[in-house]
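What follows is a set of notes on a single structure, which appears directly below.
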Amino acid sequence: MMKKYQVSIEFSWDDEFMTLVPAHRTYINYLINKDIVEYYAVSMEKRRTWITINAEDRESVEAYLIKSPLYKYWTYEIDELFVLDGHGFRLPSLQMN
């Protein structure tokens, strides 16, 4: 059964980091298109990233993270989520014509 995990990442960056961003974005887009990543958010001001990942277990989450070109710049925590709710998870309201 797929579980949801929240990955909280702190990162450092340098000139090499910036050259790896396009390849990283391609990888994240691939994971989004495969419904592995649900949410991806980055704060350059705080040097933090948050990723919500669908995976079988924590080891699977690690396997996805390791494949990112930016992995060596990261320190992170992985938390299994009990609840993830929000507007995007609700059925659209009916509009009667």
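So the sequence shown is residues 24 to 120, counted in our numbering. C-beta atoms are modelled at their ideal positions from N, C-alpha and C, and glycine is treated no differently.
1. By a C-beta neighbour count over all protein chains shown, 10 Å radius and 16 as the cutoff for buried, is LEU93 buried or exposed?
2. Please report the straight-line C-alpha distance between GLU33 and ARG71, rounded to a whole angstrom.
3. I'd like the list of long-range same chain contacts for TYR50, defined as Cβ closer than 8 Å, with 5 residues on each side in sequence excluded.
4. What residue ranges within the segment 24-98 form continuous beta strand (DSSP E) runs of no fewer than 3 residues, ordered along the chain?
5. Verify whether the separation of the beta carbon atoms of TYR107 and LYS27 is less than 9 Å.
6. Taking C-beta to C-beta, are GLU61 and ASN77 nearer than 9 Å?
7. Determine the burial state of VAL44: buried for a count of at least 16 other Cβ atoms within 10 Å of its Cβ, exposed for fewer.
8. Comparing C-alpha positions only, which one of LYS69, ASN56, TRP73 sits nearest to SER31?
Judging by the given coordinates:
1. Here residue 93 refers to the residue found at position 70 of the sequence shown. With 16 or more Cβ atoms within 10 Å of its Cβ, LEU93 is classed as buried.
2. Along the sequence shown, read from residue 1 onward, the residue named residue 33 stands at position 10. Along the sequence shown, read from residue 1 onward, the residue named residue 71 stands at position 48. Those two C-alpha atoms are separated by around 5 Å.
3. Indexing the sequence shown from 1 puts residue 50 at position 27. Excluding residues within five positions, the ones whose Cβ falls inside 8 Å are LYS90, SER91, PRO92.
4. Here the runs fully enclosed are 26-34, 60-66, 71-78.
5. Translated into positions along the sequence shown, residue 107 becomes position 84. Translated into positions along the sequence shown, residue 27 becomes position 4. According to the sequence provided, residue 107 is Leu. The question's Tyr does not apply to it. In this structure, LYS27 lies closer than 9 Å to LEU107 by Cβ.
6. Residue 61 sits at position 38 when you count from the first residue of the sequence shown. Residue 77 sits at position 54 when you count from the first residue of the sequence shown. Yes, the pair counts as a contact, with Cβ atoms nearer than the cut-off.
7. The residue you call residue 44 lines up with position 21 of the sequence shown. Answer is exposed; the Cβ neighbour count stays below 16.
8. As a first step, residue 31 is located in the sequence shown; it is residue number 8 there, counting from the start. It is TRP73 whose Cα lies nearest to the Cα of SER31.
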